[in-house]
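Worksheet: one structure, shown below.
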Amino acid sequence: MQIPKCLILTIAFGTLASCAPISRESCINDSAYDIGYAAAMDNAERMSRLQSVTKICGKEGREVDLAEFTEGFDAGTSAFCVVDNGYRWGLRGRGYNGVCADSAFGAAYDDGLRIYKVQQRGKAIRERLEMIRSRVANIQQILDEDKTLTEERRRKLVREWDGLLLERRDLLAEQQSLPPV
Numbered sequence: 001m002q003i004p005k006c007l008i009l010t011i012a013f014g015t016l017a018s019c020a021p022i023s024r025e026s027c028i029n030d031s032a033y034d035i036g037y038a039a040a041m042d043n044a045e046r047m048s049r050l051q052s053v054t055k056i057c058g059k060e061g062r063e064v065d066l067a068e069f070t071e072g073f074d075a076g077t078s079a080f081c082v083v084d085n086g087y088r089w090g091l092r093g094r095g096y097n098g099v100c101a102d103s104a105f106g107a108a109y110d111d112g113l114r115i116y117k118v119q120q121r122g123k124a125i126r127e128r129l130e131m132i133r134s135r136v137a138n139i140q141q142i143l144d145e146d147k148t149l150t151e152e153r154r155r156k157l158v159r160e161w162d163g164l165l166l167e168r169r170d171l172l173a174e175q176q177s178l179p180p181v
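Next up, the structure:
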């Protein structure tokens with residue numbers, strides 16, 4: 001049996017690679033088993049992926065053996081549905097279609113996804129805090145240096161500055177309340 005390309009990428013990079021539905025080369029060179037296996041390892045929905053593969057391979061003049069694809073898909077699903085993989089899949093923020101029968105996979109996926117979301121929110125907060133810091137410094141510079149400011153423009157800048165400082169306070173509080181990861 002030939003090793004599926006997605007599995008090679010998984011081993012080489014230590015992660016699950018996200019493979020496109022199928023390439024022209026894969027249609028020509030890979031067995032239907034390998035194509036099905038790779039689809040399962042990519043957490044694809046079986047019938048949707050089979051339809052895509054059939055359409056793309058059909059353009060290459062190749063008919064996909066349904067039984068062989070299904071056998072590969074089932075083997076790939078067994079390889080995909082290990083608990084550690086569920087955690088890694090969630091930790092990368094990848095969608096999960098619920099194909100694994102073992103509820104431990106789903107629980108591990110949820111744990112990983114929860115951490116992913118906390119990390120993403122923390123990153124978004126840090127980026128916004130940096131934008132606020134930069135804008136507050138810019139406003140301060142304008143207020144200190146621009147002697148041609150109208151009173152209305154000055155009040156507008158001070159209101160913006162106040163609003164940014166309030167937002168900063170709220171973001172810092174939220175940042176502190178994020179669970180540790």
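Position 170 of the sequence shown, counted from 1, bears residue number 170 in the numbering used here, the numbering being contiguous throughout. Just so you know, even glycine gets a beta-carbon here, dropped at the ideal spot from N, CA and C.
Where ASP42 falls, given that 16 or more other Cβ within 10 Å makes a residue buried: As a first step, residue 42 is located in the sequence shown; it is residue number 42 there, counting from the start. Buried.
Beta-carbon contacts of ASP111 that lie in its chain and below 7 Å, excluding the five residues immediately before and after: Counting from 1 along the sequence shown, the entry for residue 111 is found at position 111. Cβ contact annotation for ASP111 (same chain, cutoff 7 Å, sequence separation greater than five): TYR87 and GLY90, in chain order.
Rounded C-alpha distance that separates MET47 from TYR33: The residue given as residue 47 occupies position 47 in the sequence shown. The residue given as residue 33 occupies position 33 in the sequence shown. The straight-line gap from Cα to Cα measures roughly 15 Å.
Segment contact, 8 Å Cβ cut-off, at least three pairs: the region 48-56 with the region 22-30: yes
When LEU113, LEU166, GLY106 and GLN119 are compared against GLY93, the one with the closest alpha-carbon: Residue mapping note: residue 93 aligns to position 93 of the sequence shown, counting from 1. Measuring C-alpha to C-alpha distances from GLY93 to each of LEU113, LEU166, GLY106 and GLN119 identifies LEU113 as the nearest.
Per-residue burial, THR77 [other beta carbons within 10 Å of its own, 16 or more giving buried]: Looking up residue 77 in the sequence shown gives position 77. Classification for THR77: buried.
7 Å CB neighbourhood of GLU167 in its chain, flanking five on each side removed: In the sequence shown, counting from the first residue as 1, residue 167 sits at position 167. Excluding residues within five positions, the ones whose Cβ falls inside 7 Å are ILE132.
Span separating the alpha-carbon of LEU50 from that of ARG169: For the purposes of this step, residue 50 is identified with residue 50 of the sequence shown, where counting begins at 1. For the purposes of this step, residue 169 is identified with residue 169 of the sequence shown, where counting begins at 1. The alpha-carbon atoms of LEU50 and ARG169 are separated by roughly 51 Å.
Short CB-CB distance (under 8 Å) between ALA124 and chain E: Considering every chain present, this structure includes no chain E. It has just one protein chain.
Beta-carbon proximity of ILE125 to GLN176, cut-off 8 Å: Position 125 of the sequence shown, counted from the start, is the residue given in the question as residue 125. Position 176 of the sequence shown, counted from the start, is the residue given in the question as residue 176. No, the pair does not count as a contact, with Cβ atoms beyond the cut-off.
Nonlocal neighbours in the same chain, by C-beta distance under 7 Å from VAL118, ignoring five residues either side: For this step, residue 118 is matched to residue 118 along the sequence shown. So the list reads LEU178, PRO179 and VAL181, once near-sequence residues are dropped.
Beta-carbon proximity check, GLY72 vs TYR37, cutoff 8 Å: Locating residue 72 in the sequence shown gives position 72, counting from the first residue. Locating residue 37 in the sequence shown gives position 37, counting from the first residue. Cβ distance < 8 Å, so GLY72 and TYR37 count as in contact.
Where LYS147 falls, given that 16 or more other Cβ within 10 Å makes a residue buried: Here the question's residue 147 lines up with position 147 in the sequence shown. Label assigned to LYS147: exposed.
Where ALA137 falls, given that 16 or more other Cβ within 10 Å makes a residue buried: Residue mapping note: residue 137 aligns to position 137 of the sequence shown, counting from 1. ALA137 comes out exposed.
Within 8 Å, strictly: CB atoms of PHE69 and ILE115: In the sequence shown, the residue the question calls residue 69 occupies position 69. In the sequence shown, the residue the question calls residue 115 occupies position 115. The answer is no: Cβ separation not under 8 Å.
Residue environment, THR10, which counts as buried when at least 16 other CB atoms sit within 10 Å: Translated into the one-based positions of the sequence shown, residue 10 becomes position 10. Residue confidence is low: THR10 scores 37 on pLDDT, short of 50, so the model does not pin down where it sits. Its coordinate-derived value is still stated next. Looking at its Cβ environment, which holds 16 or more other Cβ atoms inside 10 Å, THR10 is buried.
Outcome for ASP30 when other beta-carbon atoms lying within 10 angstroms are tallied against a minimum of 16: Your numbering for residue 30 matches position 30 in the sequence shown. Buried, since its Cβ has 16 or more Cβ neighbours within 10 Å.
Contact set for VAL64: own chain, Cβ-Cβ below 6 Å, skip 5 residues either direction: Taking the first residue of the sequence shown as 1, we reach residue 64 at position 64. Excluding positions up to five away in sequence, the list reads ALA32, VAL53, THR54 and CYS57.
ASN29 beta carbon near the ligand PLP (any heavy atom closer than 7 Å): In the structure shown, the ligand PLP is absent, as is every other ligand, since no ligand is present at all.
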